[in-house]
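Colleague: In terms of the numbering used here, the sequence shown opens at residue 44 and continues consecutively.
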Amino acid sequence: EEQRVEQWLKVWAKKAEEECEKYKIACRNCMIAPDTPLEKKLGQELKRKVKARTKDVLKRADARLMPMEYPEALDIATNEVLYIMGEEKKKQVMLNMKEEAVFYEEKQKEKEKDLEIQRQKERALDRKHAA
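1) Looking at chain D, is there any beta carbon in it that lies within less than 9 Å of the beta carbon of A59?
2) Rounded to the nearest angstrom, how far is the Cβ of V93 from that of A120, given a contact under 8 Å?
3) Quick one: which unbroken beta strand (DSSP E) runs of 3-plus residues sit fully inside the segment 84 to 158? Chain order, please.
4) Under three-state DSSP, which class holds D169?
5) Grab the span of the alpha helix (DSSP H) containing A59 for me, first residue to last.
6) I'd like the list of long-range same chain contacts for V136, defined as Cβ closer than 8 Å, with 5 residues on each side in sequence excluded.
7) Only counting the same chain, and skipping five residues up and downstream in sequence, which positions put a Cβ closer than 7 Å to that of L108?
8) Who are the near neighbours of Y113 in its chain, counting only those whose CB is closer than 8 Å to its CB and skipping five residues on each side?
9) Figure out for me which residue from A116, E142, D105, Y66 has the closest Cα to the Cα of A95.
10) Exposed or buried, what is A147 when buried is set at 16 or more other beta-carbons lying within 10 Å of its beta-carbon?
11) My guess is that M128 and K65 are in contact by the Cβ rule of under 8 Å, so how many angstroms apart are they, rounded?
Printed below as a string of structure tokens:
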């Protein structure tokens, strides 16, 4: 059982990383060339976040007395926003994992109850036939 759980956690961790990377790529594509109205809306929202984040990046650079031009700050802000979006997606996948784990546990408990009921019926029949 422990090995099954470890394997299951590894699979979900890998799945979370893959989903995170896919979502980052999808978000970047939404910002560059959206295909659908939904992607366009997400792209606009991401661009707004990047713009706000760019100001923060420039402020941090000024605080560290680092010379930084706007295009460089924009690139850093874009990467930060995409990273944040990816981490949110990873959290969502991990929540799905927990929900699936709870569902599996409930299913296992139900199987155990059914098995115990079956055993009790068999014991009752055995006693009846033994008497």
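Ideal Cβ placement from N, Cα and C applies to all residues, glycine included.
Modeller: In short, the structure shows the following:
1) Included in the structure is just one protein chain, with no chain D present.
2) V93 to A120, Cβ: 5 Å. Contact.
3) Taking 3 residues as the minimum length, the segment 84 to 158 contains no beta strand (DSSP E) run wholly inside it.
4) helix
5) In the DSSP assignment, A59 falls within the unbroken alpha helix (DSSP H) covering 45 to 75.
6) W55, K58, A59, E62, C63
7) none
8) T97, L101
9) Measuring from the Cα of A95, the nearest candidate turns out to be A116.
10) Strictly speaking, residue 147 in this sequence is Tyr, with Ala absent from that position. Looking at its Cβ environment, which holds fewer than 16 other Cβ atoms inside 10 Å, Y147 is exposed.
11) Actually they are not in contact, since the Cβ atoms of M128 and K65 sit about 11 Å apart, beyond 8 Å.
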